[in-house]
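Residue numbers (the numbering used here), protein chains in the order written: chain A, 1 to 298; chain B, 299 to 525.
The C-beta atom is built at its ideal place from N, Cα and C for all residues, glycine as well.
From a predicted model like this one, the values you see are computed outputs, not experimental measurements.
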């Protein structure tokens, strides 16, 4: 069992509230997943700039000189904003790939949670309320976001085992369920050059979509292909720079509720997660169909 | 009329009050506000009382009902009205998966759609769905009636025993051993009564009946000694 929440805003006026709304939804799903929690937020994209989210087990020491070291190595300006165990590093978009390498070279103990123009990912072990507070989630703004509360089944309860998983720029995926053919797909995807960091089944699903989109699929086509290639139980919620998607496996035993108004599209593992959203009383509320791709784009 | 606000009263306290009603006393009507998707609202009732829930509920709403008439003015989450023995449960909105599962008696009415596994292993309950139902509905259904005014999803009535299935719309696919059957006068009478009690505006002759072909392993007399 896990909890998923997601919010895709249509109304820009709600963007300052995104973090607060998602935090409330996430905490409501605590009893579906008290092991760890994570959130991906899309926002703050600026022309020609990109962001890396980096995580450290020893942030005070590791982040002290990281921006200066990266700036020296890359020969550009690097801005680091620390949030608890995570740091958002902003730099010229053209240097994003080099910057990833630079982080690992400077300190191999650092983990890169996400990279892209708009995405930031925060995830840690602990109760969702604690995780949300550590990253001051309620004060975060953005255009869309996805959160996850984890009850681990397929791999250990660690920071890197928490969701969301990001295996491509501005992409992320969260999962409720378990995949049964992730080992063979992990091998195939690694052979195809997709980086996969953990033994977690969900990361393989994220990497699968990254691979399909690298091969020319759009997100909708990648998800259609996932229906044939990924075996197991899943409700996936997926984010891209300007997109938001939902997919349930054909058996669809993992719960899902969606709500849509003129202001937003929302996802919850349960209706409880949606009760504080504005206008929920009159929203169109429905259960997404099995084996059906749902996709929204800004 | 007893009014309970779930934003003020703990769920456990509400259920204890409802379960404590043993007969049609002077507390025969209850209204519950602010359910906000909470789980297990109005479960295990055992008296002919009327309970109205004003809003959407979560898992297991009105489970194990006996005698009570429960009306949900909203949608219900997974496992609504599981194992009902008697009474009536009416849902104004949609129902998530396995609504009415394993029910022994009573009437469940869903005014919207029901998702997958509706009426799974039903044992005598009557279920009327005004909208559509999802896949694997009435799997291993043993007795009772499932009436669907809309369409049915994949594998309807897989491994069915003696439950009757009436579908007005299309059936995406039939499950193993589930077949189309003739609509005889006694079936029209059963269906007519159920449609009437469920407030459904439909004519029995618009429906197709489905039931068990009785060809699976357990229906073969040669296998009887193996049990």
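Just verifying my parser: in three-state terms, what is the DSSP assignment at residue i?
i: residue 470(B); result: coil
i: residue 123(A); result: strand
i: residue 221(A); result: helix
i: residue 350(B); result: strand
i: residue 517(B); result: helix
i: residue 381(B); result: coil
i: residue 154(A); result: coil
i: residue 182(A); result: helix
i: residue 55(A); result: strand
i: residue 369(B); result: strand
i: residue 364(B); result: strand
i: residue 231(A); result: coil
i: residue 524(B); result: helix
i: residue 73(A); result: helix
i: residue 460(B); result: coil
i: residue 110(A); result: coil
i: residue 407(B); result: strand
i: residue 488(B); result: helix
i: residue 320(B); result: coil
i: residue 313(B); result: helix
i: residue 313(A); result: For residue 313(A) there is no data in the structure shown, the boundaries of chain A being 1 and 298.
i: residue 264(A); result: strand
i: residue 505(B); result: coil
Which same chain residues end up closer than 6 angstroms to residue i when comparing Cβ atoms and leaving out the 5 residues on each side of it in sequence?
i: residue 4(A); result: 148, 174, 176, 237, 269
i: residue 389(B); result: 370, 374, 408
i: residue 434(B); result: 414, 415, 453
i: residue 446(B); result: 427, 431, 465
i: residue 123(A); result: 38, 162
i: residue 437(B); result: 418, 456
i: residue 327(B); result: 299, 348
i: residue 59(A); result: 85
i: residue 134(A); result: 84
i: residue 181(A); result: 231
i: residue 504(B); result: 466
i: residue 120(A); result: 41, 53, 88
If you follow the beta strand (DSSP E) that residue i is in, where does it begin and where does it stop?
i: residue 176(A); result: 172 to 179
i: residue 306(B); result: Looking at the DSSP string, residue 306(B) is not in any beta strand (DSSP E), and its letter there is neither H nor E.
i: residue 90(A); result: 86 to 92
i: residue 117(A); result: Premise fails: residue 117(A) is in no beta strand (DSSP E) and is neither H nor E.
i: residue 42(A); result: 36 to 42
i: residue 246(A); result: 243 to 248
i: residue 259(A); result: 257 to 260
i: residue 297(A); result: 294 to 297
i: residue 6(A); result: 3 to 9
i: residue 281(A); result: From DSSP, residue 281(A) is part of no beta strand (DSSP E); its letter is neither H nor E.
i: residue 476(B); result: 476 to 479
Comparing alpha-carbon positions, which option in the options lies nearest residue i?
i: residue 473(B); options: 485(B), 489(B), 451(B); result: 451(B)
i: residue 213(A); options: 29(A), 248(A), 168(A), 260(A); result: 168(A)
i: residue 481(B); options: 346(B), 464(B), 383(B), 342(B); result: 464(B)
i: residue 204(A); options: 216(A), 234(A), 218(A); result: 234(A)
i: residue 226(A); options: 216(A), 239(A), 206(A), 244(A); result: 206(A)
i: residue 441(B); options: 471(B), 347(B), 400(B), 491(B); result: 400(B)
i: residue 91(A); options: 100(A), 28(A), 83(A); result: 100(A)
i: residue 243(A); options: 131(A), 144(A), 33(A); result: 144(A)
i: residue 360(B); options: 348(B), 354(B), 353(B), 339(B); result: 339(B)
i: residue 86(A); options: 264(A), 132(A), 55(A), 80(A); result: 55(A)
i: residue 377(B); options: 492(B), 417(B), 471(B); result: 417(B)
i: residue 344(B); options: 490(B), 332(B), 368(B); result: 368(B)
i: residue 352(B); options: 358(B), 364(B), 341(B), 331(B); result: 331(B)
Take residue i and list the residues in its own chain whose beta-carbon comes closer than 7 angstroms to its own, dropping the five residues that flank it on each side.
i: residue 116(A); result: 50, 51, 169, 170, 241
i: residue 403(B); result: 382, 383, 384, 422, 423
i: residue 102(A); result: 70, 73, 74
i: residue 194(A); result: 167, 207, 210, 211
i: residue 355(B); result: 333, 335, 336, 339, 370, 372, 374, 375
CB-CB under 8 angstroms to residue i, same chain, minus the five flanking residues each way: which ones, in chain order?
i: residue 514(B); result: 457, 474, 475
i: residue 196(A); result: 167, 186, 189, 190, 203, 204, 207
i: residue 251(A); result: 233, 290
Starting from residue i and walking both ways along the alpha helix (DSSP H), at which residues does that stretch end?
i: residue 141(A); result: No alpha helix (DSSP H) contains residue 141(A), which DSSP labels as neither H nor E.
i: residue 19(A); result: 18 to 28
i: residue 15(A); result: It is not in any alpha helix (DSSP H) - residue 15(A) carries neither H nor E in the DSSP assignment.
i: residue 207(A); result: 201 to 214
i: residue 132(A); result: 128 to 134
Can you find a C-beta in chain C that's less than 8 angstroms from the C-beta of residue i?
i: residue 272(A); result: Going by chain labels, chain C is absent from the structure shown, which instead holds the protein chains A and B.
Interface positions of the region 412 to 439 of chain B facing chain A (Cβ-Cβ less than 9 angstroms), listed along the chain: 413, 414, 415, 432, 433, 434
Selection of the region 361 to 386 of chain B by Cβ proximity to chain A, strictly under 8 angstroms: When C-beta distances to chain A are compared with 8 angstroms, the residues of the region 361 to 386 of chain B below that value are 373, 375, 376, in chain order.
Interface positions of the region 477 to 493 of chain B facing chain A (Cβ-Cβ less than 8 angstroms), listed along the chain: The region 477 to 493 of chain B vs chain A, Cβ under 8 angstroms: nothing.
Closer than 9 angstroms, Cβ to Cβ, to anything on chain A: give me those residues from the region 346 to 360 of chain B, in chain order. 353, 354, 355, 356, 357
Check distances from the C-beta atoms of the region 201 to 231 of chain A to those of chain B and list, in chain order, the residues that come in under 9 angstroms. From the region 201 to 231 of chain A, no residue has a Cβ closer than 9 angstroms to chain B.
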